[in-house]
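Enquirer: If you read the sequences in order, they're chains A and B.
According to my numbering, the first sequence is numbered sequentially starting from 148.
According to my numbering, the second sequence is numbered sequentially starting from 8.
For glycine and all other residues, C-beta sits at the position ideal for the given N, C-alpha and C.
The structure displayed is predicted, hence computed values, not measured ones.
Pasting a structure below so you can have a look.
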Amino acid sequence: MYSDLNQRLKADVRLEEGLQACMNCGICTAICPAAEFYEYDPRSIAITVQSGNEEKIAALLQSDTIWYCGQCMSCKTRCPRNNCPGLIISVLRKLSQETGAFIKSRMGRQQYLIVKTIGANLLQFGYCVHPTSLVPATHPEQGPVWRWIYENMQEVYASVGANLDGDGPGALRKISDKDLDELHQIFEVSGGLKLYQTIEYFSQRKAIELGLTDPNGEADMEKYTQYLLNE
Amino acid sequence: METKTKIRWSEYNKEIADNKFFYLRSCIRQNFNPGAEKVFLSILQNKLRKEVYDDPHHTTCSGIGYHSDIVPFETFQSMVARQFSLMTERGYKNCAVSCITSFGGYNEVLSTWKEFPEELEKTRENLLKATGRTFEIPENLSHACDIIYHFRKEIATQARYRLINKETGEPLKIVDHIGCHYAKIFPEKGVGGSEYSRVLTGMIEAWGGEAVDYPERRHCCGFGFRHYLVKNNRSYSISNSRKKFESMKPYQPDMILTNCPGCNMFLDRWQYALAQIEGKVYGGENGIPVLSHEELAGLVLGYDPWKDIGLQMHQIDVEPLLNKIGVEYDPKQKFTGVRGQYINEPEFTGCLAKQD
Chain A
148 MYSDLNQRLK ADVRLEEGLQ ACMNCGICTA ICPAAEFYEY DPRSIAITVQ
198 SGNEEKIAAL LQSDTIWYCG QCMSCKTRCP RNNCPGLIIS VLRKLSQETG
248 AFIKSRMGRQ QYLIVKTIGA NLLQFGYCVH PTSLVPATHP EQGPVWRWIY
298 ENMQEVYASV GANLDGDGPG ALRKISDKDL DELHQIFEVS GGLKLYQTIE
348 YFSQRKAIEL GLTDPNGEAD MEKYTQYLLN E
Chain B
8 METKTKIRWS EYNKEIADNK FFYLRSCIRQ NFNPGAEKVF LSILQNKLRK
58 EVYDDPHHTT CSGIGYHSDI VPFETFQSMV ARQFSLMTER GYKNCAVSCI
108 TSFGGYNEVL STWKEFPEEL EKTRENLLKA TGRTFEIPEN LSHACDIIYH
158 FRKEIATQAR YRLINKETGE PLKIVDHIGC HYAKIFPEKG VGGSEYSRVL
208 TGMIEAWGGE AVDYPERRHC CGFGFRHYLV KNNRSYSISN SRKKFESMKP
258 YQPDMILTNC PGCNMFLDRW QYALAQIEGK VYGGENGIPV LSHEELAGLV
308 LGYDPWKDIG LQMHQIDVEP LLNKIGVEYD PKQKFTGVRG QYINEPEFTG
358 CLAKQD
């Protein structure tokens with residue numbers, strides 16, 4: 148599972164873009180919002196990947212560490228060598244998911260939740276976000292105005308000129324079946340669906356490992372979801 | 008990824024197309040501030056007499072999925088290529104992008120194709136196999152804020168209102184917040200680059216206001232993609248926004264101006280959430296109004312705050328700002344439906360419920 152990690156990382160063109168020659172100065176860590184919030188140090192990640200040490204890279208793939216980055220890319224702006232640790236993170240996360248290493252860490256396991264929300268929205272609506280999936284009960288931070296919008300959805304969107312679920316152009320228009328089919332085909336051909344399935348496959352294995360199963364011994368993904376939300 | 012030392016102001020500028028735009032909408036802006044996109048199109052078409060095409064066939068670019076790592080780069084490139092295919096099909100060469108995540112993503116893809124032609128070829132093959140489509144690379148890719156900035160002086164000449172306190176005659180004090188992916192990844196793609204962004208301050212000054220610098224001006228709003236999307240991690244998001252509010256509070260801004268749909272929503276909602284958690288309001292009467300470049304352009308041009316711009320969809324009340332500027336509006340129209348009928352209203356607006 149964890150063989151040829153260097154080679155697999157280098158096969159991603161983004162690593163060439165993101166890591167040219169790190170001199171270990173630490174400016175990325177100084178500017179990084181995630182380093183301020185978590186025990187996180189993008190400098191050491193750049194150095195580990197640059198070292199090519201397979202053992203240390205395998206440890207990174209299984210750790211919470213690679214999931215702390217918020218992808219703001221502030222590191223790119225300030226790096227004097229034009230590296231982009233945020234992009235290195237994207238490459239590490241992809242490999243972590245492909246190898247199943249992500250289920251070894253609490254933060255990594257959360258990828259299942261994102262597939263089930265944003266991933267599902269993408270395929271169902273053709274949008275990353277859709278108002279029907281922003282339920283006030285699970286989004287208390289959205290406040291009373293969002294609750295008002297949610298509870299009066301058709302009228303509010305129509306009153307500001309949006310075209311919620313309507314034909315033709317406009318905000319939140321219904322994406323036609325033909326256009327959605329093209330989106331699905333793109334996901335099929337370019338590996339998007341395969342990544343969803345890979346995340347789901349390893350998540351199911353983790354659910355079984357945790358004993359979160361149904362009476363037939365199959366993974367109970369509802370229980371697993373609740374586990375992740377309370378982890 | 009190119010970076011070079013800038014030696015003169017002209018090098019901080021970028022080329023922004025003048026006309027004939029293919030519009031690419033934002034998932035987040037359509038959900039939370041759809042009126043901003045509507046008024047942007049209206050300003051271009053009806054005030055500036057520009058041609059802009061709003062294609063019903065375009066979808067999400069999948070950028071939020073890409074940066075939360077559930078969408079592979081290969082898929083993201085193909086999704087972007089499909090948008091370009093639609094543009095090509097309609098005979099356009101200039102993209103006008105509503106979303107900052109998309110804007111950064113399109114630039115990442117274009118840069119990749121330039122440096123790794125084999126990625127472009129692979130994407131062409133993927134798109135053709137999946138959809139039968141081909142595409143041309145756009146000649147110009149501008150964010151919507153670039154376009155408003157480009158025409159800021161024309162907007163100023165047509166403006167009904169200035170960003171001046173009508174009681175005191177003083178310019179309104181406005182802080183800006185630039186979405187990270189506007190220029191942090193590719194500084195040369197943003198007006199003023201990443202360190203000295205001018206895209207929003209240029210508008211503020213052209214329309215009579217005072218752009219106020221503050222220490223954490225360049226700090227991220229805290230979206231963090233997976234950090235907001237997963238409920239367990241949202242403390243990351245709110246903590247970063249809090250850092251910004253603390254930093255801008257001493258300057259007593261009249262409003263916050265944004266260019267990113269996500270930042271616009273977060274800086275609005277997190278003020279409410281922080282007030283509920285801490286009991287603290289960071290400015291204004293009951294919070295600092297947060298408007299995007301399209302919304303502010305619409306306001307100065309005299310569009311109706313509710314029916315044309317949809318400012319009732321903000322948690323933080325905009326009325327204190329409207330009153331300072333002297334914008335004419337009907338308070339009774341705020342919570343009305345399509346035909347002007349009252350449709351009930353939120354439990355409360357702003358940061359804290361008003362005490363009777």
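Within the continuous alpha helix (DSSP H) that includes Ile194 (chain A), where are the two ends?
Expert: What you label residue 194 (chain A) is simply residue 47 of the first sequence in a count that begins at 1. That run of the alpha helix (DSSP H) goes Pro189 to Ser198.
Enquirer: Counting only beta-carbon atoms, is Asn230 (chain A) nearer than 7 angstroms to chain B?
Expert: Here residue 230 (chain A) refers to the residue found at position 83 of the first sequence. No, Asn230 (chain A) does not count as interfacial toward chain B.
Enquirer: Starting from the N-terminal side, write out each stretch of the alpha helix (DSSP H) that is 4 residues or longer and does not extend beyond the stretch 81-159 of chain B.
Expert: Within the stretch 81-159 of chain B, the complete alpha helix (DSSP H) runs of at least 4 residues are 107-122, 124-138 and 151-157.
Enquirer: What residue ranges within the stretch 17-86 of chain B form continuous beta strand (DSSP E) runs of no fewer than 3 residues, ordered along the chain?
Expert: For the stretch 17-86 of chain B, whole beta strand (DSSP E) runs of length 3 or above, ordered along the chain, are 28-31 and 59-61.
Enquirer: How would you label Cys179 (chain A), buried or exposed, when you count the other beta carbons within 10 angstroms and need 16 or more for buried?
Expert: Start at 1 with the first residue of the first sequence, and residue 179 (chain A) comes out as number 32. Cys179 (chain A) comes out buried.
Enquirer: Among all the DSSP beta bridges, which residues are the ones paired with Val182 (chain B)?
Expert: Residue mapping note: residue 182 (chain B) aligns to position 175 of the second sequence, counting from 1. Paired residues: B:Ile263.
Enquirer: Indicate whether at least one CB of chain B lies closer than 7 angstroms to the CB of Arg320 (chain A).
Expert: If you number the first sequence from 1, residue 320 (chain A) lands on position 173. Yes, Arg320 (chain A) lies at the interface with chain B (some Cβ there is under 7 angstroms from its Cβ).
Enquirer: In the structure shown, what three-state DSSP assignment does Ser299 (chain B) receive?
Expert: Position 292 of the second sequence, counting from 1, holds the residue named residue 299 (chain B). Ser299 (chain B) falls in the strand class under three-state DSSP.
Enquirer: Rounded to whole angstroms, what is the Cα-Cα separation between Asp326 (chain A) and Tyr221 (chain B)?
Expert: In the first sequence, the residue the question calls residue 326 (chain A) occupies position 179. In the second sequence, the residue the question calls residue 221 (chain B) occupies position 214. Whole-angstrom Cα-Cα distance: 45 angstroms.
Enquirer: Which residues of chain A have a Cβ atom closer than 9 angstroms to the Cβ of Gln322 (chain B), listed in chain order?
Expert: The count along the second sequence starts at 1 and reaches residue 322 (chain B) at position 315. Going along chain A in sequence order, the residues near Gln322 (chain B) (Cβ under 9 angstroms) are Gln289, Gly290, Pro291, Val292 and Trp293.
Enquirer: Since Gln351 (chain A) is in the alpha helix (DSSP H), which residue starts that stretch and which ends it?
Expert: Along the first sequence, one-based indexing puts residue 351 (chain A) at 204. Residues Gly339 to Glu356.
Enquirer: Given Val141 (chain A), which residues of its chain have a CB within under 7 angstroms of its CB, disregarding the five upstream and five downstream residues?
Expert: Given that chain A is displayed from residue 148 to residue 378, the structure contains no residue 141 (chain A) and the question cannot be resolved.
Enquirer: Output needed for Met86 (chain B): all residues of its chain with C-beta closer than 6 angstroms, excluding positions within five of it in sequence on either side, in chain order.
Expert: For the purposes of this step, residue 86 (chain B) is taken as the residue at position 79 of the second sequence. These residues qualify, in order along the chain: Cys68 and Ser69.
Enquirer: Report the three-state DSSP secondary structure of Ile171 (chain B) (helix, strand or coil).
Expert: Here residue 171 (chain B) is taken as the residue at index 164 of the second sequence, counted from 1. Note: Ile171 (chain B) maps to strand in three-state DSSP.
Enquirer: Hey, could you find the ends of the alpha helix (DSSP H) Gly233 (chain A) is sitting in?
Expert: Taking the first sequence and counting its residues from 1, the one referred to as residue 233 (chain A) is at position 86. Run containing Gly233 (chain A): Pro232 to Thr246, per the alpha helix (DSSP H) assignment.
Enquirer: Is Gly98 (chain B) close to chain A, meaning its C-beta is less than 7 angstroms from at least one C-beta of that chain?
Expert: The sequence position of residue 98 (chain B) within the second sequence is 91, counting from 1. No, its Cβ sits nowhere closer than 7 angstroms to a Cβ of chain A.
Enquirer: Could you check the C-alpha separation between Gly357 (chain B) and Gly294 (chain B) for me, to the nearest Å?
Expert: Residue 357 (chain B) sits at position 350 when you count from the first residue of the second sequence. Residue 294 (chain B) sits at position 287 when you count from the first residue of the second sequence. Between Gly357 (chain B) and Gly294 (chain B), the C-alpha separation is close to 6 angstroms.
Enquirer: Is Trp182 (chain B) buried or exposed, if buried means 16 or more other CB atoms sit within 10 Å of its CB?
Expert: The count along the second sequence starts at 1 and reaches residue 182 (chain B) at position 175. Looking at the sequence shown, residue 182 (chain B) is not Trp but Val. The residue in question, Val182 (chain B), is buried, as its Cβ has 16 or more Cβ neighbours within 10 Å.
Enquirer: Would you list the one or two residues that DSSP bridges to Glu217 (chain B)?
Expert: In the second sequence, the residue the question calls residue 217 (chain B) occupies position 210. DSSP, once it has assigned bridges, lists B:Lys180 as partnering Glu217 (chain B).
Enquirer: Less than 7 angstroms separating the beta-carbons of Val345 (chain B) and Ala305 (chain A)?
Expert: Residue 345 (chain B) sits at position 338 when you count from the first residue of the second sequence. Residue 305 (chain A) sits at position 158 when you count from the first residue of the first sequence. Their beta carbons are under 7 angstroms apart, which means Val345 (chain B) touches Ala305 (chain A) by this criterion.
Enquirer: Could you tell me which residues DSSP puts in a beta bridge with Ala366 (chain A)?
Expert: By 1-based counting over the first sequence, the position of residue 366 (chain A) is 219. Note: Ala366 (chain A) sits in a beta bridge opposite A:Thr360.
Enquirer: Who are the neighbours of Thr119 (chain B) on chain A, taking C-beta pairs under 9 angstroms?
Expert: Locating residue 119 (chain B) in the second sequence gives position 112, counting from the first residue. Near Thr119 (chain B) (Cβ distances below 9 angstroms), the residues of chain A are Val160, Arg161 and Glu164.
Enquirer: How about Trp277 (chain B) and Ile245 (chain B): are their beta carbons less than 7 angstroms apart?
Expert: Against the second sequence, residue 277 (chain B) aligns to sequence position 270. Against the second sequence, residue 245 (chain B) aligns to sequence position 238. Yes, these two residues count as a Cβ contact at 7 angstroms.
Enquirer: From which residue to which residue does the alpha helix (DSSP H) around His188 (chain B) run?
Expert: Here residue 188 (chain B) refers to the residue found at position 181 of the second sequence. It spans Cys187 to Ala190 - the alpha helix (DSSP H) in which His188 (chain B) sits, taken as one unbroken run.
Enquirer: May I ask you to list the residues that DSSP assigns as paired with Thr343 (chain B)?
Expert: Within the second sequence, numbered from 1, the residue matching residue 343 (chain B) stands at position 336. B:Tyr349, per the DSSP bridge assignment.
Enquirer: Pro222 (chain B) versus chain A: which residues are under 8 angstroms apart at the beta carbon?
Expert: For the purposes of this step, residue 222 (chain B) is identified with residue 215 of the second sequence, where counting begins at 1. Result: empty, since nearest Cβ-Cβ is about 14 angstroms, beyond 8 angstroms.
Enquirer: Rounded to a whole number of angstroms, what is the C-alpha to C-alpha distance between Pro145 (chain B) and Ile77 (chain B)?
Expert: Taking the second sequence and counting its residues from 1, one reaches residue 145 (chain B) at position 138. Taking the second sequence and counting its residues from 1, one reaches residue 77 (chain B) at position 70. Rounded to the nearest angstrom, the two C-alpha atoms are 27 angstroms apart.
Enquirer: Could you check whether Ile316 (chain B) and Val46 (chain B) sit closer than 7 angstroms to each other, using their CB atoms as the reference points?
Expert: Taking the second sequence and counting its residues from 1, the one referred to as residue 46 (chain B) is at position 39. Taking the second sequence and counting its residues from 1, the one referred to as residue 316 (chain B) is at position 309. Going by C-beta atoms, Val46 (chain B) is nearer than 7 angstroms to Ile316 (chain B).
Enquirer: May I ask you to list, following chain order, the residues of the stretch 196-223 of chain A that have a beta carbon less than 9 angstroms from some beta carbon of chain B?
Expert: Those would be Trp214, Tyr215, Cys216, Gly217, Gln218, Cys219, Met220, Ser221, Cys222 and Lys223, in chain order.
Enquirer: Beta carbon of Cys152 (chain B), beta carbon of Val206 (chain B): below 7 angstroms?
Expert: Translated into the one-based positions of the second sequence, residue 152 (chain B) becomes position 145. Translated into the one-based positions of the second sequence, residue 206 (chain B) becomes position 199. Yes.
Enquirer: For Ala182 (chain A), does the count of other Cβ atoms within 10 angstroms reach 16, so buried, or fall short, so exposed?
Expert: Here residue 182 (chain A) refers to the residue found at position 35 of the first sequence. Buried, since its Cβ has 16 or more Cβ neighbours within 10 Å.
Enquirer: Enumerate, from N- to C-terminal direction, the unbroken beta strand (DSSP E) stretches of 3 or more residues contained entirely within the stretch 268-292 of chain B.
Expert: The stretch 268-292 of chain B contains no whole beta strand (DSSP E) run of 3 or more residues.
Enquirer: Here's the rule: buried if 16 or more other CB atoms are within 10 angstroms of the residue's CB, otherwise exposed. What is Val325 (chain B)?
Expert: For the purposes of this step, residue 325 (chain B) is taken as the residue at position 318 of the second sequence. Classification of Val325 (chain B): buried, given that the 10 Å Cβ count is 16 or more.
Enquirer: Got a sec? Which residues, its chain only, sit under 8 angstroms from Lys331 (chain B) by beta carbon, not counting five neighbours each side?
Expert: Along the second sequence, read from residue 1 onward, the residue named residue 331 (chain B) stands at position 324. Taken in chain order, the residues that qualify are Asn172, Lys173, Glu174, Leu179 and Asp261.
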